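The structure under discussion appears below in the form of structure tokens.
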Amino acid sequence: MSALSTDAQVRPSDIITAVQRLEAGELVGLPTETVYGLAADAENPQAVAKIYAAKGRPADHPVIVHIHRQADLAHWTDEVPETARQLAAAFWPGPLTLILPRRPGVADACAGGQNTIGLRCPSHPVAQAVLAIFKGGQGGLAAPSANRFGRISPTTAAHVQAELGDGLLVLDGGACAVGIESTIVDCTVQPPRILRPGQLQPTELAAVLGVSAEVLLRPAGGAPRVAGALPAHYAPRTPLLLRTREQIHADLQQADNAARRIGVLARHARAAEITATWMQLPDDPAGYAQGLYAALRELDQAGLDQIWVEALPPTPPWLALRDRLSRAAHGSGAGGP
Ligand code: TXA
Ligand code: MG
Numbered sequence: 007m008s009a010l011s012t013d014a015q016v017r018p019s020d021i022i023t024a025v026q027r028l029e030a031g032e033l034v035g036l037p038t039e040t041v042y043g044l045a046a047d048a049e050n051p052q053a054v055a056k057i058y059a060a061k062g063r064p065a066d067h068p069v070i071v072h073i074h075r076q077a078d079l080a081h082w083t084d085e086v087p088e089t090a091r092q093l094a095a096a097f098w099p100g101p102l103t104l105i106l107p108r109r110p111g112v113a114d115a116c117a118g119g120q121n122t123i124g125l126r127c128p129s130h131p132v133a134q135a136v137l138a139i140f141k142g143g144q145g146g147l148a149a150p151s152a153n154r155f156g157r158i159s160p161t162t163a164a165h166v167q168a169e170l171g172d173g174l175l176v177l178d179g180g181a182c183a184v185g186i187e188s189t190i191v192d193c194t195v196q197p198p199r200i201l202r203p204g205q206l207q208p209t210e211l212a213a214v215l216g217v218s219a220e221v222l223l224r225p226a227g228g229a230p231r232v233a234g235a236l237p238a239h240y241a242p243r244t245p246l247l248l249r250t251r252e253q254i255h256a257d258l259q260q261a262d263n264a265a266r267r268i269g270v271l272a273r274h275a276r277a278a279e280i281t282a283t284w285m286q287l288p289d290d291p292a293g294y295a296q297g298l299y300a301a302l303r304e305l306d307q308a309g310l311d312q313i314w315v316e317a318l319p320p321t322p323p324w325l326a327l328r329d330r331l332s333r334a335a336h337g338s339g340a341g342g343p
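Just so you know, the sequence shown maps onto residues 7 to 343 in the working numbering.
Structure below.
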């Protein structure tokens, strides 16, 4: 266990217990570098069904399968496109999920009726330690984010227990370093296409593939295939509105807003005259992502009438965060267009 960071609360015996439960078809809360997952044996349909029940997730939403870094991809897919090989070589273990053609009959319960499989090799040492032992290192762990369907993803073990209850064994691997969900790339089409933006930048993926970032970001036709692609997702219960810095300051001066309980999530410090509940996140995409979901959870529990989030810069490094916040605004009590 020497690979574990010193702040991790996981002992080797906890890893063994988690693996035993997973092999027995039980659920375990699993830390990854992006967000915490709710894990089950991907090839045990009864176990995967427990994930859907615990999350309240519709049956047609496929779940990601997490694999060890030495896992044999041929178990999951008959055909690894060259582009997938290139991306896996460059970014695994890490916050990248690859959609591949699924070997017929494998992990049907994870597929939501599709002939594809989403594979991810997480870099978190606790996740890798579990995957190294689970089914001798060749198993897959189905693990969507460990939140109730449509809600904010958990980035600490305490968030998972708050979402899903104390009965669940959660391995406490500390606060997630990335803080938002993995980048999902569909490698069943060529060139590949980004289905969900994440910390890995389109330009980084494009450089490995020798294509332009715009090509990877081209829109898809048809209905969304990714749960995170529904407009309402990642949402707090409190109405959430996106506002410019100027709007926030102008509107907080107005009397009708002074009477309301407003929480502000900003990238700059609170001015002395402002009395609203104020949370400040770093003004850089990596630091902002790391703190975002914990901040939204805290504001959501503060008994506020509204959460005003300072709109993000329109530049490429903020793409994934703009994506999450626009969905949070849409799915929150504020609704959306
Ligand atoms: O960072 C992450 O990806 C986290 C951690 C736990 O690994 N997991 C995560 O899982 O965000 P989830 O289920 O909340 O989101 C996974 C997304 C869903 O939107 C799902 O529809 C999509 O991946 N997905 C999974 N398998 C797929 C497939 N075969 N085809 C298309 N989309 C797929
Ligand atoms: Mg999720």
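Backbone N, C-alpha and C fix where the C-beta goes; we use that ideal spot for every residue, glycine too. Keep in mind the model is a prediction, meaning the values are calculated, not measured.
Review point. Can you find a heavy atom of the ligand MG that lies under 7 angstroms from the Cβ of residue 150?
Key: Correct: residue 150 has its Cβ closer than 7 angstroms to the ligand MG.
**Study point:** residue 7 - DSSP class collapsed to helix/strand/coil
**Key:** Note on residue 7: pLDDT 39, under 50, position unreliable in the model; no value is reported.
Exercise for review: Express the C-alpha separation of residue 220 and residue 201 in angstroms, rounding to a whole number.
Suggested key: Rounded to whole angstroms, residue 201 and residue 220 show a C-alpha spacing of 13 angstroms.
Practice item. Report the option in 297, 278, 240, 256 whose CA atom is closest to the CA atom of residue 338. Key: Ranking 297, 278, 240, 256 by Cα distance to residue 338 puts 240 first.
Check your understanding: Who are the near neighbours of residue 296 in its chain, counting only those whose CB is closer than 6 angstroms to its CB and skipping five residues on each side?
Key -> Closer than 6 angstroms at the Cβ level, and outside the excluded window around residue 296, lie 185.
**Study point:** Residue nearest to residue 315 in terms of C-alpha spacing, selected from 321, 336, 322, 323
**Key:** If we check each option's Cα against that of residue 315, 336 comes out closest.
Review point. What number of angstroms, rounded off, separates the C-alpha of residue 166 from the C-alpha of residue 214?
Key: Here the C-alpha atom of residue 166 lies approximately 35 angstroms from the C-alpha atom of residue 214.
**Study point:** Residue nearest to residue 155 in terms of C-alpha spacing, selected from 43, 328, 105
**Key:** Of the listed residues, the one whose Cα sits closest to residue 155 is 43.
Review point. For residue 301, which residues of its own chain have a beta-carbon under 7 angstroms away from its beta-carbon, when the five flanking residues on both sides are left out?
Key: Excluding residues within five positions, the ones whose Cβ falls inside 7 angstroms are 271, 285, 287.
Review point. Would a C-beta distance cut-off of 8 angstroms place residue 59 and residue 146 closer than the cut-off?
Key: Contact flag unset, no.
Review point. From residue 25 to residue 71, what distance separates their C-alpha atoms?
Key: Residue 25 and residue 71 have their C-alpha atoms spaced approximately 16 angstroms apart.
**Study point:** Short Cβ contact (8 angstroms threshold) for residue 41 with residue 159
**Key:** Yes, the Cβ-Cβ distance between residue 41 and residue 159 is below 8 angstroms.
Review point. Residue 257 by DSSP, collapsed to three states: which one?
Key: Looking at residue 257 - three-state DSSP - the assignment turns out to be helix.
Practice item. Out of 139, 46, 259, 56, point me to the one whose CA is closest to residue 76's CA. Key: Nearest option by C-alpha distance: 139.
Review point. Would you say residue 54 and residue 150 are within 8 angstroms of each other, going by their C-beta atoms?
Key: Cβ atoms of residue 54 and residue 150: not closer than 8 angstroms.
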